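Numbering (this note's numbering), first residue to last: 941 to 1330. Here a beta-carbon is modelled for each residue, glycine too, at the ideal position from N, C-alpha and C. It should be emphasised that the depicted structure is a prediction, and the values quoted were computed from it without experimental measurement. Written out below as structure tokens is the structure these notes cover.
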Ligand code: P1T
């Protein structure tokens, strides 16, 4: 399939074919792992296909970047060594000391740490606002000074929903760009650029890679001038994804659609189970009618995702106990892999926001619902919850 043809195709076709055509010499259907740092030049400056040095470009990375751009409906994709490396590059590409950012008041702890502990000493200022509260975001924007309105939707770990279309016009009216961290939804469930966002951020470590075997990050943009600035910084800062990591991430990406549907199917069953459980005080999932972001999520997402957060009746000890007793749900950080994970955000992924506006409830548990047999997941939760009859 030519790339022009591929880019107009359906999601799964793009996931499998975009970014790469079978190698003209060998017919290899999968991009080889180009384990090379440099490329022979045909005379000084005579680059073959534009390849000069693998920090600047590497064919295995080019294939992944093309696929990511096609799935996010963007013009250019960029692959990085981690989600945070992508975020750092984005910040330095689009802001300078003295600039202001609006950030979620509920975000991945590492994102907050990067902006607050690295960005602020560098000269950035930020104001946290609830992504679900358009008025709060509007009030936090300082027209002229605010360069980025940064949202996650759904947020990590409280699964709040921001209205991408509305937030994009708010940001644009104030001369700012809208950045959407699309890690939780993945491009299968939500395409922020098509709704007006300017930059999509991914921790590809999660659903995009999907197998918990590689750490990576990505940026996808629709404007070529923004792409140029990010491309310059990707090369100048050098936090690129290596060829083997790109290979693994790209391999995972091909099955994103089928995996996401199974993640969503299983998450829906888990939600139904938890909402009926007497030791669960609250289930947080955008697919629930009573979730405050349900209407917006229904508009902008295909389904509601594989992450379920819930609170237990017995406080922090109870939550820690449930985490320790689960067996099929592996106790660990991260999310989005085929295997189910359970974690205590307050002590684990969000420990770095303790004592800030972004602190999360101590009785909160986050599940990354995997694609195992649903009955085994429900039995495991039943077992994990039963001991703490308090
Ligand atoms: O871990 P890294 O690939 O650097 O990505 C950071 C990141 C960015 N954005 C979101 C929404 C994330 O969830 C993450 C990483 N999150 C976890 C490791 C976690 O367990 O929540």
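| query | result |
| --- | --- |
| Can you have a look at residue 1216 and say buried or exposed, based on whether 16 or more other CB atoms are within 10 angstroms of its CB? | exposed |
| Determine the direct distance from the alpha carbon of residue 1024 to that of residue 1148, and round the result to whole angstroms. | 15 angstroms |
| Is it right to say residue 1262 is buried, meaning 16 or more other beta carbons lie within 10 angstroms of its own, or is it exposed? | buried |
| Rounded to whole angstroms, what's the CA-CA distance from residue 1047 to residue 994? Just pull it up for me. | 33 angstroms |
| Using the beta-carbon count (16 or more within 10 Å), is residue 1087 buried or exposed? | buried |
| Where does the unbroken alpha helix (DSSP H) through residue 1040 begin, and where does it stop? | Residue 1040 -> not in any alpha helix (DSSP H); beta strand (DSSP E) instead, spanning 1040-1044. |
| Could you tell me which residues DSSP puts in a beta bridge with residue 1151? | None; residue 1151 has no bridge partner. |
| Roughly how many angstroms separate the alpha carbons of residue 1265 and residue 979, rounded to a whole number? | 52 angstroms |
| Do residue 1024 and ligand 1 come close, with the Cβ less than 6 angstroms from some heavy atom? | yes |
| Could you check whether residue 1316 and residue 1268 sit closer than 7 angstroms to each other, using their CB atoms as the reference points? | yes |
| Taking its Cβ as the centre, do 16 or more other Cβ atoms sit within 10 Å of residue 1330, making it buried, or is it exposed? | For residue 1330, the predicted model reports a pLDDT of 46, less than 50, meaning its position is unreliable; a value from the coordinates is still stated below. The residue in question, residue 1330, is exposed, as its Cβ has fewer than 16 Cβ neighbours within 10 Å. |
| Starting from the Cα of residue 1161, find the closest Cα among 1322, 1026 and 955 and give me that residue. | 1026 |
| What are the boundary residues of the beta strand (DSSP E) that includes residue 1067? | 1065-1069 |
| Between which two residues does the alpha helix (DSSP H) holding residue 1119 run? | Premise fails: residue 1119 lies in the beta strand (DSSP E), 1117-1121, not in any alpha helix (DSSP H). |
| With a threshold of 6 angstroms (Cβ to nearest heavy atom), would residue 1096 be considered close to ligand 1? | yes |
| Where in the region 1202-1271 do unbroken runs of the beta strand (DSSP E), each at least 3 residues long, occur, reported from the N-terminal end onward? | 1220-1224 and 1247-1252 |
| Considering only residues of the region 966-1045, which uninterrupted beta strand (DSSP E) runs meet the minimum length of 3 residues and lie entirely inside it, listed in chain order? | 1016-1020 and 1040-1044 |
| Could you tell me how far apart the beta carbons of residue 1113 and residue 1138 are, in whole angstroms, since I believe they sit closer than 8 angstroms? | In fact, because the Cβ distance is near 13 angstroms, the residues do not count as touching under 8 angstroms. |
| Is residue 1131 near ligand 1, going by C-beta to nearest heavy atom under 6 angstroms? | no |
| Quick one: does the C-beta of residue 974 sit closer than 6 angstroms to a heavy atom of ligand 1? | no |
| Check whether the Cβ of residue 1050 sits closer than 6 angstroms to any heavy atom of ligand 1, and report yes or no. | yes |
| Under a three-way DSSP split, which group does residue 1329 fall into? | Bear in mind that a pLDDT of 47 at residue 1329, under 50, signals an unreliable position, so the number given afterwards is only what the model happens to contain. Correct three-state label for residue 1329: coil. |
| Over the uninterrupted beta strand (DSSP E) stretch that includes residue 1142, give me the two end residues. | 1139-1143 |
| Going by alpha carbons, who is nearest to residue 1028 out of 1014, 1299, 1051 and 1258? | 1051 |
| Does residue 1051 come out as helix, strand or coil in the three-state DSSP assignment? | helix |
| Could you tell me if residue 1184 is buried or exposed, where buried requires 16 or more neighbouring beta carbons within 10 angstroms of its beta carbon? | exposed |
| In whole angstroms, give me the CA-to-CA distance for residue 1091 and residue 1101. | 9 angstroms |
| Are the C-beta of residue 1228 and some C-beta of chain B separated by less than 7 angstroms? | Any reference to chain B falls outside this structure, which holds one protein chain only. |
| Could you check if residue 994 belongs to the surroundings of ligand 1, using beta carbon to heavy atom distance under 6 angstroms? | no |
| Drop a sphere of 10 angstroms on the beta-carbon of residue 965, count the other beta-carbons inside from all chains shown, and report buried for 16 or more, exposed for fewer. | exposed |
| Note down the Cα distance separating residue 1166 from residue 1016, rounded to an integer number of angstroms. | 10 angstroms |
| Between residue 1173 and the rest of its own chain, which residues show a CB-CB distance below 7 angstroms, the 5 nearest in sequence each way excluded? | 1029, 1032 and 1033 |
| Around the Cβ of residue 977, are there at least 16 other Cβ atoms within 10 angstroms (buried) or fewer (exposed)? | exposed |
| Can you pull the DSSP bridge partners for residue 1086? | 1040 |
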